[in-house]
Amino acid sequence: MLTLYVDAAREPNTGLSAAGAVLIQQKAQQQFKSPVFQSLDNHAAEFQGLIWALEQLTDHQDILTVYSDSKLLIEALHKHYAKHYQDEVDRILSLLASHRLVFSQWLPEKDNLGAHNLALQALKNRQTND
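In this text, residue positions in the sequence shown follow this note's numbering: the first is 4, and each later residue adds one.
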């Protein structure tokens, strides 16, 4: 069973965004930070962040639980629909199709600090390197 915590961070003035992910498999934890990317808004960053995180996974045959503090993202996964982000939803669903079983759940930001802090670190590292 794989457990994935994911979050995105966005600098509103520049549109620069980054994602962080914590993957737990057999009680072992891996942490990932995305490269910085452009996003139109915070919601788009959350969708793009999950796409990036799912692309990092190498084990595609297991049960996967995805946690995010983005209600819009989790609701879109449950409905298989998001009015302004359907292309992203379709890409996510295609990445999730390789898993035997997928669960997704919203959690408060305070319970997603690992992924949140990784996203902030990735964003801050880029801003200080520019």
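Positions of the beta carbon are idealized from the N, C-alpha and C atoms, including for glycine. The structure displayed is predicted, hence computed values, not measured ones.
TODO: Pull up the distance between the alpha-carbon of W55 and that of L7, whole angstroms please.
DONE: 12 Å
Open item on the list: Which residue wins for smallest C-alpha separation from T68, given the options Q124, E14, W109 and G52?
Closed with: W109
Task: Sequence-distant residues of its chain with Cβ nearer than 6 Å to S71 (five each side left out) - done: The answer, listed in chain order, is V9 and I77.
- [ ] Determine the direct distance from the alpha carbon of G117 to that of K127, and round the result to whole angstroms.
- [x] 15 Å
Open item on the list: Considering only the alpha carbon of each residue, which of L104, D65, Q51 and H81 lies closest to A12?
Closed with: Q51
Task: Beta-carbon gap between L121 and G23 smaller than 7 Å - done: Cβ distance < 7 Å, so L121 and G23 count as in contact.
- [ ] Look at the alpha carbon of A100 and the alpha carbon of H87, and state the distance between them as a whole number of angstroms.
- [x] 22 Å
Open item on the list: I need the straight-line Cα distance from P111 to H46, nearest angstrom please.
Closed with: 16 Å
Task: Burial state of F106 (16 or more Cβ within 10 Å) - done: exposed
Open item on the list: Taking only three categories from DSSP, how would you classify L126?
Closed with: L126: helix per DSSP, three-state reduction.
Open item on the list: By the three-class DSSP mapping on this structure, what secondary structure does D114 have?
Closed with: helix
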